[in-house]
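Residue numbers (our numbering): 242 to 460.
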């Protein structure tokens, strides 16, 4: 082959997919959110997801969204994805960076975004636009001249197959009997376990390969 691939991920799709993948780490049973901070050189400088603070065990605190006991409300304890991404930064300064996040930042996250010097917010969903904390967030971002825009994906899903490295014709690794599953729809992104795929194929060679325990990243 003498020409480059044409079906590669664009930068924005890549960064939003990273945010969605990070969200898979969240222990929150109701809402899983991820965030990805990128500098002007398209280098990722911070990743985070919503979760309990360090040292606060996930099993020791309530994950309830609403509770008669106010101290059992998760909102008193959970750190949002944007905050964790900023605190997890791998550089001294993130001024002028862009943050990719699944949900529009709340008012508390907007404060941290502004104070850190981030200049653009790229969000996926604004489903809480009617709530006071989102309205307040936009008011502060506007006043601080922080741009925000909604990400419109070209694909609903992205496919990540851990066994792909073994069957890729361009790979320098030895060939394996695992072949690409053609049943996936174009534009889908699924994370699959290649080892399980090989085991399943060896046990049932007469049947079409079906990979179990897929993790789907929907954008």
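Glycine is no exception: its CB is placed at the ideal position from the N, C-alpha and C atoms.
Open item on the list: Which residue wins for smallest C-alpha separation from residue 288, given the options 294, 279 and 296?
Closed with: Locating residue 288 in the chain shown gives position 47, where the first residue counts as 1. It is 279.
- [ ] Drop a sphere of 10 angstroms on the beta-carbon of residue 350, count the other beta-carbons inside from all chains shown, and report buried for 16 or more, exposed for fewer.
- [x] Here residue 350 is taken as the residue at index 109 of the chain shown, counted from 1. Looking at its Cβ environment, which holds 16 or more other Cβ atoms inside 10 Å, residue 350 is buried.
Open item on the list: Please identify the residue among 329, 292 and 253 whose C-alpha is closest to the C-alpha of residue 265.
Closed with: Residue numbering aside, residue 265 sits at position 24 when the chain shown is read from its first letter. Checked all of 329, 292 and 253; the closest Cα to residue 265 is 292.
TODO: Would you mind working out which of 333, 248, 244 and 242 sits nearest residue 395, comparing C-alpha positions?
DONE: Looking up residue 395 in the chain shown gives position 154. The residue with the shortest Cα to Cα distance from residue 395 is 248.
TODO: Between the Cα of residue 267 and those of 401, 255, 323 and 283, spot the shortest distance and give me the residue it belongs to.
DONE: Position 26 of the chain shown, counted from the start, is the residue given in the question as residue 267. Nearest of 401, 255, 323 and 283 to residue 267, Cα basis: 323.
Open item on the list: Quick check: the segment 293-302 against the segment 349-363, are at least 3 beta-carbon pairs closer than 8 Å?
Closed with: no
- [ ] Please check the pair residue 363 and residue 331, which I expect to be a contact at CB under 8 Å, by giving their CB distance rounded to whole angstroms.
- [x] Along the chain shown, one-based indexing puts residue 363 at 122. Along the chain shown, one-based indexing puts residue 331 at 90. Between residue 331 and residue 363 the Cβ distance is about 20 Å, and since that is not below 8 Å, they are no contact.
TODO: Just the C-alpha distance for residue 303 and residue 318, rounded to the nearest angstrom, thanks.
DONE: Within the chain shown, residue 303 is the residue found at index 62, counting from 1. Within the chain shown, residue 318 is the residue found at index 77, counting from 1. C-alpha separation (whole angstroms): 9 Å.
Task: Rounded straight-line distance, which links the Cα of residue 356 to that of residue 382 - done: As a position in the chain shown, residue 382 is number 141, starting the count at 1. As a position in the chain shown, residue 356 is number 115, starting the count at 1. Using only the alpha carbons, I get a separation of about 11 Å.
- [ ] Can you grab the Cα-Cα spacing for the pair residue 315 / residue 405, in whole Å?
- [x] Numbered from its first residue, the chain shown carries residue 315 at position 74. Numbered from its first residue, the chain shown carries residue 405 at position 164. Per the coordinates, the alpha-carbon of residue 315 lies some 39 Å from the alpha-carbon of residue 405.
Open item on the list: Do residue 263 and residue 276 have their beta-carbon atoms positioned less than 9 Å apart in this structure?
Closed with: Position 35 of the chain shown holds residue 276. Position 22 of the chain shown holds residue 263. The answer is yes: Cβ separation under 9 Å.
Task: Boundaries (first-last residue) of the beta strand (DSSP E) holding residue 277 - done: Start at 1 with the first residue of the chain shown, and residue 277 comes out as number 36. Run containing residue 277: 275-279, per the beta strand (DSSP E) assignment.
Task: Simplified DSSP state of residue 438, which is helix, strand or coil - done: Counting from 1 along the chain shown, the entry for residue 438 is found at position 197. Reliability of the predicted coordinates at residue 438 is poor, the pLDDT of 34 falling under 50, and the value obtained from them is presented with this limitation in mind. DSSP places residue 438 in helix when its eight states are reduced to three.
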